[in-house]
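For reference, the structure discussed in these notes is given below.
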Ligand SMILES: Nc1ncnc2c1ncn2[C@@H]1O[C@H](COP(=O)(O)OP(=O)(O)O)[C@@H](O)[C@H]1O
Ligand SMILES: [Mg+2]
C-alpha cells in the first residue's frame, strides 16, 4: 500500500497551514484514499465538555475523515494561544520531541494511504529548552510541505525555513503560496522569486478567497500529484 506522510509547516502562524492541509486531505479523500491527520501540539483551545479542543485539530478531522479519536489526533491540547513550550510550562507539562514522535509513529502504524501532520507556528517553534517541532517532523520521517503566507517579509521567512529544513536533512516535498489576506503588493514577482529559489515544486498558488472561505475552495487550486508519487 502507498503510504505518504507529510508535515505541514509554514512561514508564520495564521497564514494558512490548516487551510492548505485540510484542502490536501480533502483532495486525497475525494480520490478515495484512506487519510489520517495529526496535530500533535496545539496551543489555543476551547473547553468543550470539560476538555480542551483545538480548532485546527477539529478541521483536520473533518477534512480527512480520519478514524482517529480526538486525543489521538491532538494529544497535547494547551489552552492559551501562546508559544507551546510556555503554555506547557504554565500547565506543568514538559514537551518532548521523542514522546510526540512516538505518539505520531504509533498512530500512523495504523492503515492509511495519505497522512498530514500539522506543526504549530513555524519550523523552529520550541518544544522545550533544546528541541523544536522540526525534531518531530524528522523523528517521524515525514516530508515537510512549506506553506508561504504571502505578505511582505515572506521571502526571507520562506528561504530561512527551506534552508533550515535542508540543513537538518529534511526533504522538502513542495511549497504553496497562500494569501490569508487580500492583495499583496508585487504578488506575481514574489511568487516568481520563491519559484526560483525554493528547492522543491510549487504545489499551488491560492489567492485570498474571501472572509469565511472554506478549504474546499482551495482544493481545485492545489496539485496533489507530486505528493502521491
Ligand atoms: N487563501 C485564503 N483565503 C481566505 N482565507 C484564508 C486563506 N488562507 C487562510 N485563510 C484563513 O485565515 C485564517 C488562518 O488560516 P489557518 O489555516 O488557520 O492558519 P495557520 O494554520 O497557519 O495558523 C483562517 O481563518 C483561514 O480560514
Ligand atoms: Mg493551524
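In our numbering, the protein residues as written are 5 to 233. Ideal Cβ placement from N, Cα and C applies to all residues, glycine included.
Using DSSP bridges, identify the partner residues of residue i.
{"i": "residue 150", "result": "13 and 179"}
{"i": "residue 80", "result": "45"}
{"i": "residue 206", "result": "179"}
{"i": "residue 40", "result": "119"}
{"i": "residue 8", "result": "118"}
{"i": "residue 130", "result": "136"}
Closest to residue i by CA distance: which of the options is it?
{"i": "residue 228", "options": "158, 207, 74 and 217", "result": "207"}
{"i": "residue 225", "options": "209, 40 and 217", "result": "209"}
{"i": "residue 86", "options": "107, 71 and 130", "result": "130"}
{"i": "residue 74", "options": "63, 83 and 222", "result": "63"}
{"i": "residue 8", "options": "20, 38 and 164", "result": "38"}
{"i": "residue 204", "options": "163, 179 and 107", "result": "179"}
{"i": "residue 68", "options": "97, 41, 219 and 78", "result": "41"}
{"i": "residue 71", "options": "103, 98, 111 and 81", "result": "111"}
{"i": "residue 144", "options": "107, 116, 171 and 133", "result": "107"}
{"i": "residue 52", "options": "77, 28, 83 and 36", "result": "83"}
{"i": "residue 133", "options": "97, 141 and 50", "result": "97"}
{"i": "residue 147", "options": "157, 104, 119 and 213", "result": "119"}
{"i": "residue 198", "options": "167, 80 and 117", "result": "167"}
{"i": "residue 220", "options": "19, 28, 105 and 117", "result": "28"}
{"i": "residue 99", "options": "158, 80, 185 and 200", "result": "80"}
{"i": "residue 181", "options": "164, 158, 165 and 170", "result": "158"}
{"i": "residue 165", "options": "230, 184, 202 and 102", "result": "202"}
{"i": "residue 102", "options": "76, 212 and 142", "result": "142"}
{"i": "residue 109", "options": "10, 128 and 232", "result": "10"}
{"i": "residue 233", "options": "161, 88, 177 and 77", "result": "177"}
{"i": "residue 160", "options": "105, 185, 195 and 187", "result": "195"}
{"i": "residue 36", "options": "230, 116, 77 and 222", "result": "116"}
{"i": "residue 172", "options": "128, 61 and 66", "result": "128"}
{"i": "residue 104", "options": "113, 78 and 61", "result": "78"}
What are the start and end residues of the alpha helix (DSSP H) that includes residue i?
{"i": "residue 28", "result": "21 to 34"}
{"i": "residue 57", "result": "Residue 57 -> not in any alpha helix (DSSP H); beta strand (DSSP E) instead, spanning 55 to 57."}
{"i": "residue 236", "result": "This structure does not reach residue 236, given that the chain is present from 5 up to 233, and the question cannot be answered."}
{"i": "residue 195", "result": "191 to 201"}
{"i": "residue 101", "result": "101 to 112"}
{"i": "residue 90", "result": "88 to 94"}
{"i": "residue 18", "result": "Careful: residue 18 lies outside any alpha helix (DSSP H) and carries neither H nor E."}
{"i": "residue 117", "result": "That residue, residue 117, is in no alpha helix (DSSP H); it is neither H nor E in DSSP."}
Start and end of the beta strand (DSSP E) containing residue i?
{"i": "residue 140", "result": "No beta strand (DSSP E) contains residue 140, which is instead part of the alpha helix (DSSP H) from 137 to 143."}
{"i": "residue 222", "result": "Note, residue 222: premise wrong, no beta strand (DSSP E); alpha helix (DSSP H) at 219 to 222."}
{"i": "residue 228", "result": "First-last for residue 228: undefined, no H or E at that position."}
{"i": "residue 52", "result": "50 to 52"}
Three or more C-beta pairs below 8 Å linking the region 134 to 144 and the region 22 to 29: The answer is no - the region 22 to 29 does not touch the region 134 to 144, with fewer than three Cβ pairs under 8 Å.
Validate contact between the region 8 to 17 and the region 143 to 153 using beta carbons, cut 8 Å, 3 pairs: As far as the Cβ criterion goes, the region 8 to 17 touches the region 143 to 153, which means the pair count is three or higher.
The region 30 to 38 / the region 51 to 58 touching (three or more Cβ pairs under 8 Å): no
The region 91 to 98 contacting the region 117 to 125, beta-carbon criterion three pairs below 8 Å: no
Three-pair Cβ contact test at 8 Å for the region 36 to 48 versus the region 181 to 198: no
Under 6 Å, CB to nearest heavy atom of ligand 2: contacting residues: Answer in sequence order: 21, 22, 60 and 122.
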